[in-house]
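Written below as structure tokens is the structure these notes are about.
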Amino acid sequence: MKCLNFFLVAFLFFLISLQTVAQDTDEYQFISPVPGSELNSRESTIIIRDGRFINPTSLAEPNLIQVVGSKSGLMSGELILSTDGKTVIFKPAQKFLPDEKVQVNLNLGLITTNDETLSQLQFSFGITPLSERLLLHEYLTDEYQISAPIHYLLEPDTLPANFPSIRTEVLGETAPGYVFLTVSRDIPNVGYYIMMLNNDGTPFYYKELPNDYSYDFKVQPNGKYSYAEFLNHHTFTGGGEVIHKVMDNSFTMIDSFQMGNGYIAEAHDFQLLPNGHSLLFAYDLQIMDLSELGGYPNAKVAQSVVQELDQNKNVIFQWRSSDYYDFDDSYSNRLTREAFDPIHVNSIILDNDGNILITPNGLSEVTKISRQTGEMIWRLGGKNNQFQFIGQDAEFSRGIHNVSRLENGDILLFDNSPRNSTTPSRAV
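Residue numbers (the working numbering): 240 to 667.
Printed below as a string of structure tokens:
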């Protein structure tokens with residue numbers, strides 16, 4: 240009887256402890272990695288945000304945080320406060336070991352600028368079994384390579400001999416400004432140019448890149464210019480792994496941006512925010528057992544990872560598609576392939592209320608994400624549409640690209656190919 244009583248007491252204590260941990264977790268605005276999540280990077284940092292401003296001196300409190308790996312043991316590292324004054328980041332001194340469970344304990348001692356003490360926090364997450372990051376270009380390769388005809392027209396004598404020929408068609412009045420273009424494939428006798436063109440096709444600015452073509456040349460909201468410099472290509476996704484380069488108003492290179500936590504930035508999009516932060520994303524290959532869905536038992540599946548970096552390029556926000564989307568959300572018919580990309584985020588912007596809009600191409604939707612909590616606010620289009628469309632059904636598009644918010648509050652996006660394949664791509 241004593242043993243039974245002891246068991247009941249211990250079990251009740253265990254349940255109370257779990258409830259306490261859950262309540263503590265709920266008190267925090269943002270936690271990364273997501274508690275209970277799996278397949279996290281070996282280079283993950285621990286991100287904790289309560290939402291209140293933190294007294295930086297309280298980070299020096301002894302034994303404030305313990306991070307323990309099931310194989311690594313107690314992890315040493317650096318505890319820092321982001322430039323936003325709210326986000327606490329623990330950077331481990333070494334990588335986590337493959338396939339281990341990590342327990343995080345935040346003890347009492349973290350204090351706000353109003354002398355309020357943050358609650359204790361406990362959570363755990365799992366690390367990927369991969370010892371090294373799978374290289375996308377080794378698996379996601381040339382299935383969708385395009386071989387379109389190239390039209391050569393007028394080549395002004397003042398331009399380099401390998402400058403691409405430009406053909407323009409003006410249909411009505413054009414808007415002021417410049418057209419930003421890049422040479423984004425290998426073309427015989429054509430250099431790797433980024434360029435700003437007038438509406439008649441004449442160059443305002445151009446630069447030849449020495450080693451490879453590029454993507455996503457544009458002007459950022461702060462007036463700086465940026466483009467994606469390739470590290471390698473994976474044409475399955477129409478992009479590749481890159482470093483984002485930034486130039487000032489005189490086109491002088493002044494900065495570069497890369498993902499944190501062991502991920503490598505993707506080519507499709509990159510945003511510099513008004514507060515000096517940046518938004519960027521990556522594709523991360525992980526091995527998953529999809530045999531119950533008719534796929535490979537060791538399928539290589541690309542998830543999308545969104546990050547916000549602060550002014551010091553610390554990761555203060557991370558959002559992984561695998562934590563929020565289901566496979567059933569995707570229109571991908573590639574579950575039976577050895578490697579595939581069911582989500583494929585291809586654009587990201589800061590919405591006018593400070594939250595994030597992304598376009599997961601494989602889901603044919605626009606997703607609005609809370610920049611504070613990571614939760615999905617709404618989903619437009621696709622299988623999980625939460626809106627009504629006049630004269631269109633919820634699945635009106637396929638392969639959404641390039642979301643933007645107009646000054647009047649409308650959303651503009653590129654509908655790559657509606658379900659009716661005879662209908663051309665369009666702006667919506």
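Note that beta-carbon positions come from the ideal geometry of N, C-alpha and C, so glycine has one too. All values reported here derive from a predicted model rather than from experimental measurement.
Practice problem: Pull up the distance between the alpha-carbon of THR620 and that of THR441, whole angstroms please. | Solution: Within the sequence shown, residue 620 is the residue found at index 381, counting from 1. Within the sequence shown, residue 441 is the residue found at index 202, counting from 1. Thr is not the amino acid found at residue 620; the sequence shown has Gly there. One C-alpha to the other measures close to 38 Å.
Exercise. Just confirm the distance between the C-beta atoms of SER489 and GLU468, as a whole number of angstroms; I'd bet it's less than 8 Å.
Key: In the sequence shown, counting from the first residue as 1, residue 489 sits at position 250. In the sequence shown, counting from the first residue as 1, residue 468 sits at position 229. With a Cβ gap of about 19 Å, SER489 and GLU468 do not count as contacting.
Self-check item: DSSP bridge partner residues for ASP654 (one or two, in chain order)
Solution: What you label residue 654 is simply residue 415 of the sequence shown in a count that begins at 1. Its beta-bridge partners are ILE639, ARG665.
Quiz prompt | Residue environment, ALA414, which counts as buried when at least 16 other CB atoms sit within 10 Å | solution = Within the sequence shown, residue 414 is the residue found at index 175, counting from 1. The Cβ neighbour count for ALA414, taken over all protein chains shown within 10 Å, is under 16; the residue is labelled exposed.
Quiz prompt | Inter-residue spacing [alpha-carbon to alpha-carbon] between LYS457 and ASP568 | solution = The residue given as residue 457 occupies position 218 in the sequence shown. The residue given as residue 568 occupies position 329 in the sequence shown. When only Cα atoms are considered, LYS457 and ASP568 end up about 31 Å apart.
Self-check item: Run of the beta strand (DSSP E) containing ASP455, from where it starts to where it stops
Solution: Locating residue 455 in the sequence shown gives position 216, counting from the first residue. 453-458 is the extent of the beta strand (DSSP E) around ASP455.
Quiz item: Just how far apart, CA to CA, sit TYR383 and SER276?
Solution: The residue given as residue 383 occupies position 144 in the sequence shown. The residue given as residue 276 occupies position 37 in the sequence shown. Note that TYR383 scores a pLDDT of 38, beneath 50, so its modelled location is shaky; the value from the coordinates is reported in the next line. Rounded to the nearest angstrom, the gap between the Cα atoms of TYR383 and SER276 is 32 Å.
Self-check item: Spatial neighbours of LYS446 in its chain, beta-carbon cut-off 8 Å, leaving aside the 5 residues before and after
Solution: To locate residue 446, count along the sequence shown from 1; it is residue 207. Answer for LYS446: TYR432, ILE433, MET434, PHE490, listed in chain order.
Quiz item: By the 10 Å Cβ neighbour count, where 16 or more other Cβ atoms means buried, how is ALA261 classified, buried or exposed?
Solution: Position 22 of the sequence shown, counting from 1, holds the residue named residue 261. Because ALA261 sits at a pLDDT of 38, beneath the cut-off of 50, its placement in the model cannot be relied upon, and the following sentence gives the value as read from the coordinates. That one is exposed.
Quiz item: Applying the criterion that 16 or more other CB atoms from any shown protein chain within 10 Å of the CB defines a buried residue, is ALA504 buried or exposed?
Solution: Position 265 of the sequence shown, counted from the first residue, corresponds to residue 504. With 16 or more other Cβ atoms from the protein chains shown falling within 10 Å of its own Cβ, ALA504 counts as buried.
Quiz item: Taking SER283 as the reference, which of LEU303, PHE329, THR322 has the closest Cα?
Solution: Reading the sequence shown from its first residue, position 44 is the one you call residue 283. Minimum Cα distance to SER283 is reached at PHE329.
Practice problem: Tell me where the beta strand (DSSP E) around PRO599 begins and ends. | Solution: The sequence position of residue 599 within the sequence shown is 360, counting from 1. Residues 595-599.
Self-check item: Stretch-stretch touch, CB-based, cutoff 8 Å, three pairs: the segment 345-365 with the segment 493-511
Solution: Segments in contact, no.
Practice problem: Have a look at ARG644 and ALA578 and give me their C-alpha separation to the nearest angstrom. | Solution: For the purposes of this step, residue 644 is taken as the residue at position 405 of the sequence shown. For the purposes of this step, residue 578 is taken as the residue at position 339 of the sequence shown. If you take the alpha carbons of ARG644 and ALA578, they lie about 34 Å apart.
Practice problem: Determine the burial state of SER561: buried for a count of at least 16 other Cβ atoms within 10 Å of its Cβ, exposed for fewer. | Solution: By one-based count along the sequence shown, residue 561 stands at place 322. Per the 10 Å Cβ criterion, buried.
Exercise. Identify whether ASP528 lies in helix, strand or coil by the three-state DSSP scheme.
Key: For the purposes of this step, residue 528 is taken as residue 289 along the sequence shown, with counting starting at 1. If DSSP states are grouped into helix, strand and coil, ASP528 belongs with coil.
Quiz item: Is the Cβ-Cβ distance between VAL554 and ASN500 less than 8 Å?
Solution: Looking up residue 554 in the sequence shown gives position 315. Looking up residue 500 in the sequence shown gives position 261. Taking 8 Å as the cut-off, the beta carbon of VAL554 is found closer than this to the beta carbon of ASN500.
Quiz item: Which value, in whole angstroms, describes the spacing of the CA atoms of LYS539 and ILE526?
Solution: Your numbering for residue 539 matches position 300 in the sequence shown. Your numbering for residue 526 matches position 287 in the sequence shown. A straight line joining the alpha-carbon of LYS539 with that of ILE526 spans about 5 Å.
Quiz item: If we call anything under 8 Å between Cβ atoms a contact, is ILE582 one with GLY601?
Solution: Counting from 1 along the sequence shown, the entry for residue 582 is found at position 343. Counting from 1 along the sequence shown, the entry for residue 601 is found at position 362. Against a cut-off of 8 Å, the Cβ pair of GLY601 and ILE582 comes out as a contact.
Practice problem: Specify the secondary structure class of PHE672 as computed by DSSP and reduced to three states. | Solution: Any answer about residue 672 is impossible in this case: the structure gives the chain only from 240 up to 667.
Quiz item: If you draw a straight line from the alpha carbon of TYR522 to that of PHE402, how long is it in whole angstroms?
Solution: Along the sequence shown, one-based indexing puts residue 522 at 283. Along the sequence shown, one-based indexing puts residue 402 at 163. Straight-line Cα distance between these residues: approximately 32 Å.
Quiz item: First and last residue of the beta strand (DSSP E) that includes TYR668?
Solution: Nothing can be reported for residue 668: it is not among the residues displayed for the chain, which extend from 240 to 667.
Quiz item: In terms of alpha-carbon separation, which member of TRP558, LYS552, GLY462 lies closest to VAL545?
Solution: Along the sequence shown, one-based indexing puts residue 545 at 306. Of the candidates TRP558, LYS552, GLY462, the one whose C-alpha sits nearest the C-alpha of VAL545 is TRP558.
Quiz item: Where does TYR444 land, buried or exposed, given buried means 16+ other C-beta within 10 angstroms?
Solution: Along the sequence shown, one-based indexing puts residue 444 at 205. Looking at its Cβ environment, which holds fewer than 16 other Cβ atoms inside 10 Å, TYR444 is exposed.
Self-check item: Whether PHE269 touches ILE293 by CB criterion (8 Å)
Solution: On the sequence shown, position 30 is the one that residue 269 refers to. On the sequence shown, position 54 is the one that residue 293 refers to. Not closer than 8 Å, so no.
Quiz item: Which of helix, strand or coil does DSSP assign to LEU619?
Solution: Within the sequence shown, residue 619 is the residue found at index 380, counting from 1. Strand, per DSSP.
Quiz prompt | Residue range of the unbroken beta strand (DSSP E) whose run includes SER271 | solution = The residue labelled residue 271 in the question sits at position 32 within the sequence shown. Segment 269-271, the beta strand (DSSP E) holding SER271.
Exercise. Assign THR606 to one of three DSSP states: helix, strand, or coil.
Key: Taking the first residue of the sequence shown as 1, we reach residue 606 at position 367. THR606 falls in the strand class under three-state DSSP.
Quiz prompt | Between the CA atoms of GLU412 and THR296 - distance to the nearest angstrom | solution = For the purposes of this step, residue 296 is identified with residue 57 of the sequence shown, where counting begins at 1. For the purposes of this step, residue 412 is identified with residue 173 of the sequence shown, where counting begins at 1. For the pair THR296 and GLU412, the Cα-to-Cα distance works out to about 59 Å.
Quiz prompt | Short CB-CB distance (under 8 Å) between ASP549 and chain C | solution = In the structure shown, chain C cannot be found, because there is only a single protein chain.
Quiz item: Applying the criterion that 16 or more other CB atoms from any shown protein chain within 10 Å of the CB defines a buried residue, is SER517 buried or exposed?
Solution: The count along the sequence shown starts at 1 and reaches residue 517 at position 278. So SER517 ends up on the buried side.
Quiz item: Could you check where the beta strand (DSSP E) with ILE555 kicks off and where it finishes?
Solution: Reading the sequence shown from its first residue, position 316 is the one you call residue 555. Element bounds for ILE555: 554-559.
Exercise. May I ask you to report which of helix, strand or coil DSSP gives ALA387?
Key: Position 148 of the sequence shown holds residue 387. Low per-residue confidence applies at ALA387: pLDDT is 37, beneath 50, and the placement is therefore not dependable, though the value from the model is reported in the following sentence. Collapsing the DSSP output to three states places ALA387 in coil.
Quiz item: If you run the structure through DSSP and keep just helix, strand and coil, what is ALA299?
Solution: Start at 1 with the first residue of the sequence shown, and residue 299 comes out as number 60. The answer is helix: DSSP assigns ALA299 an H, G or I state.
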